[in-house]
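Taken in sequence, the protein lines are chains A and B. Quick note on numbering: our numbering labels position 129 of the first sequence as 367, and the sequence is numbered without any gaps. Quick note on numbering: our numbering labels position 19 of the second sequence as 21, and the sequence is numbered without any gaps.
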Amino acid sequence: MKETFKVLNRMVKAGVIEDYAIGGAIAAIYYLEPFETSDLGIFVRVRAPASEFIGIEGFPVQFLLVFNPLTDEAVSRARAIKFARVSTRIIRAEHLVAIMLDTGRTKDYLRINMFLEAGAVNLRSLKAVLKRHNLMEKWTANEYKFKS
Amino acid sequence: VKKFPVIKQIIENKQKHRRALAALSFEEKVAIVFKLRARNKFIKSGQVVKHAQRPNIKL
Chain A
239 MKETFKVLNR MVKAGVIEDY AIGGAIAAIY YLEPFETSDL GIFVRVRAPA SEFIGIEGFP
299 VQFLLVFNPL TDEAVSRARA IKFARVSTRI IRAEHLVAIM LDTGRTKDYL RINMFLEAGA
359 VNLRSLKAVL KRHNLMEKWT ANEYKFKS
Chain B
3 VKKFPVIKQI IENKQKHRRA LAALSFEEKV AIVFKLRARN KFIKSGQVVK HAQRPNIKL
């Protein structure tokens, strides 16, 4: 995965993509315990839409285009981290939870539960994100599912 | 009345293990993801597991 991040950083430097941040299950794993996933989800900001999956280091890397104000903000405010001394960017836990709520699949709700159980989100920051992106109503309607 | 075993300790141990995994470094967690993928691939392959064939996967 170290090489993958190097490739992504080179893509930014070469202007292929404007900006990126790790999303999906791999981003969730940064905050939680590891679980199986089939690919690495990367949110990218690009001028021209590109194709989705690219195999790097034998691992499918899915390029998810920034598609709404929430994912745009998630990439803008991503955390700068290091992976094996390579700089990379990862979506903040609060934005991941908001994206999962917005997507709303069963596995997303399960992961929201994992984030809350692990205390991996700052509830105050999360609610600010939810308010900014009109997701408070959806949160309130589904909150009972996240309380164990 | 039928007696059932108390599994509280098992659940607590599982929770403890999950917390220990969550506390690993990002690099270590990603390495586990790759091992999980390899294990799943092996299971899906439907191969008969012989001792020498067993994938070397320790989580």
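Heads up, the beta-carbon is just placed ideally off N, CA and C, and yes, glycines get one too. Keep in mind the model is a prediction, meaning the values are calculated, not measured.
Asked	Found
As assigned by DSSP and simplified to three states, the class of T326 (chain A)	strand
Contact list for the segment 322 to 337 of chain A against chain B, Cβ threshold 8 Å	A322
Cβ-Cβ separation, A266 (chain A) to L334 (chain A) (assumed contact under 8 Å), whole Å	6 Å
DSSP three-state assignment for R319 (chain A), whether helix, strand or coil	The identity of residue 319 (chain A) in the sequence shown is Ile, whereas the question assumes Arg. In this structure, I319 (chain A) counts as strand in the three-state DSSP scheme.
Beta-carbon proximity check, I337 (chain A) vs A316 (chain A), cutoff 7 Å	no
Pair within 7 Å by beta-carbon distance, E241 (chain A) and E290 (chain A)	no
Residue environment, K31 (chain B), which counts as buried when at least 16 other CB atoms sit within 10 Å	buried
Alpha carbon of V383 (chain A) to alpha carbon of I350 (chain A), nearest angstrom	Here residue 383 (chain A) is Lys; the residue named in the question, Val, does not match the sequence. So the alpha carbons of these two residues sit roughly 9 Å apart.
Beta carbon proximity, A24 (chain B) to chain A, threshold 7 Å	yes
F28 (chain B), DSSP secondary structure in three states	helix
Cβ of F44 (chain B) within 7 Å of any chain A Cβ	no
Segments assigned alpha helix (DSSP H), at least 4 residues, entirely inside the segment 240 to 318 of chain A	240 to 251, 262 to 269, 307 to 314
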